[in-house]
Every structure is written in C-alpha cells, then in structure tokens.
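For reference, the structure is listed below as structure tokens.
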Amino acid sequence: MSNETNVAYYIQVAETLKGRIQSRQYRPGDLIPPERELEKEFGVSNITIRKALDLLVRDGYIVRKRGVGTRVKKRKESKIPLQITGNFYDWVDSAIRRAQRLEVEVLDMGKSSCPPKVDRVLGCEGSHEIWRLRRVRKLAEEPLSYYINYVPLRWADLIKGADFTKRTFLEIFQEATDNLIKRIEQRVEATTADMDISAILSVSFGAPLFFVENIYYSASDEPLEVTHMYFRGDRYIYYNVTELSGA
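With this note's numbering, the residue at position 24 of the sequence shown is 25, and numbering never jumps.
See the structure below:
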C-alpha cells in the first residue's frame, strides 16, 4: 500500500471492502475473495485481513462461516437528508469549465453492477445491472475529481461510442437519446477517500472529499440519469453569492 497515512492498515482494508459492498461490487449473498487473495491484493498479512473482516462482521456487513467463506450480508442503509440551499450545480459547472487546461481521462464504460442507491432511483430493470461511465478530470496530470455516470441499460447502445473526453456527458446523453433534462436534484456531503478512490485521485487514505450526487429528470418527471462526483477537499471550496432583496 503506497498511500502514506496514520490510519491502521486493517482499518484501510475494512473501509475499502465496505465501499465495494456499498457500491454493489460485492452484492448481498456474494462470497468476497478468500483471505489469501485479499492478502495479495492489499499487500498485508493474514492478521491484518482477519482484523479487517472482524470489523465488517461487527458492523453487520459480512458473515463468516467455516468451510464456506465470507458472504456479504443484506442490510439497510439510512442517512438523514440535509437540504442544500443555493445552486451547487453552478459551482460544479464552473469548476469544470473555467479551468481551460482540465483534461478528462475515461477509466472505463459499459455494463456494471447497479449500486443500491442508484437502483432505488433508476430501477435497474430487474437485472441489478446498469450502464456506467467512469472518468477523472485532471489539471497538469494531477487528478482533481472523479465522476461516475449511471444510466439504464436501454440507453447503452445510443451512447457507448461517444467521445466523453471532449464534451459533457449530459450534452451527449440528451442528443443521443432525445431526452431533455428539466429538473435536477442534488445532494452534497463530506466524505473521505477509501483505498479505491485514493488510488484514482492520488490522495492518502482518509483524505477529505466533497461527494456530490445529481439526479436528472425529464419533463415528465422520469429519472433519467444519476451522477456521483468526488472532489478533492484540498483542491475545491464551496463559494456562493446570494442576493438579498431590500438590503
């Protein structure tokens, strides 16, 4: 593990595995990789892996059974919603467009497992699969932000050949599918980088991030697309100007 941090390795491993479970990379009921494979992947000892798995057992994410393996446990996630005032989307848009030297790297695109929170919004058509695009925005080769776009599989053939390094996803999606975005719901929260995201954004495990979720709706109020964005906390600030009537 190359990212330097004071956080114990077993906590790093536990938080990273938790992130994979929450994103449905490891689905409820699935067996996660054996301890020997996890030792090799994370470059740690068996003791470290066992301590990490013990944490996940304690938190109710997995169940371990001798002779069978370690399975992902079904669980319900709940968070208290916080209403964001002002138009944070304008801030995100300006962060993308004002810096002309920003470069976009496409990490991958195609069919993927559908995270539960996306499934609840878009409904993954019973297959628990979705079309996903993952990109990183960079300035002078330094990663600044990480974007994940999710759309139902029925749109996949219309957008899969597009060049997402030159134009925004929404521009391409609206043109290709003949859908017009009429409404956006947005949620913003503070989070930290697990080992997967820290590797993508070149930050240490546990580094502060802005997490932004946008849900885009059609004129008929149909949810069309979900975007998850991770912004490095050391490279972005939230700036807002509000006009006060009668001041």
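Glycine included, C-beta positions come from ideal geometry on N, C-alpha and C. Given the structure is predicted, the values throughout are model-derived calculations rather than measurements.
Residue i - DSSP class collapsed to helix/strand/coil
i: L210; result: strand
i: T169; result: coil
i: L32; result: strand
i: Q26; result: coil
i: L140; result: strand
i: L218; result: The sequence given here has Tyr at residue 218, not Leu. In this structure, Y218 counts as strand in the three-state DSSP scheme.
i: R51; result: helix
i: V58; result: helix
i: Y237; result: coil
i: Y10; result: helix
i: L225; result: strand
Residues bridged to residue i (per DSSP)
i: G111; result: R133
i: F232; result: S146, F211
i: G70; result: K66
i: T17; result: Its beta-bridge partners do not exist; DSSP assigns none.
i: Q187; result: N215
i: E42; result: Answer is none; E42 lacks a bridge partner.
i: V152; result: W132
i: V204; result: DSSP lists no partner for V204.
i: T178; result: T178 is not bridged to any residue.
Per-residue burial, residue i [other beta carbons within 10 Å of its own, 16 or more giving buried]
i: T166; result: exposed
i: S221; result: exposed
i: V152; result: buried
i: S128; result: exposed
i: A15; result: buried
i: A35; result: Before going further, note that residue 35 is Pro rather than Ala in the sequence given. Result: exposed.
i: L123; result: buried
i: R25; result: buried
i: R155; result: exposed
i: P144; result: buried
i: D195; result: buried
i: P60; result: Note on residue identity: the sequence assigns Asp, not Pro, to residue 60. Exposed, because fewer than 16 other Cβ atoms sit within 10 Å of the Cβ of D60.
i: P209; result: exposed
i: S46; result: exposed
i: R233; result: buried
i: A191; result: exposed
i: V8; result: exposed
Enclosing beta strand (DSSP E) for residue i [first to last residue]
i: R76; result: No beta strand (DSSP E) contains R76, which DSSP labels as neither H nor E.
Terminal residues of the alpha helix (DSSP H) in which residue i lies
i: K118; result: 117 to 123
i: F160; result: Checking the sequence shown, residue 160 turns out to be Ile, not Phe. Looking at the DSSP string, the run of the alpha helix (DSSP H) that includes I160 is 157 to 160.
The ligand GTP heavy atom lying under 8 Å from the CB of residue i
i: K112; result: You won't find the ligand GTP in this model; it holds no ligand whatsoever.
Check whether the stretch 173 to 182 touches the stretch 192 to 202, taking contact to mean three or more Cβ pairs, one atom from each stretch, closer than 8 Å.
-> no
Do three or more CB pairs link the stretch 69 to 78 to the stretch 19 to 38 at distances below 8 Å?
-> yes
Would you check if there are 3 or more beta carbon pairs closer than 8 Å linking the stretch 206 to 219 to the stretch 228 to 235?
-> yes
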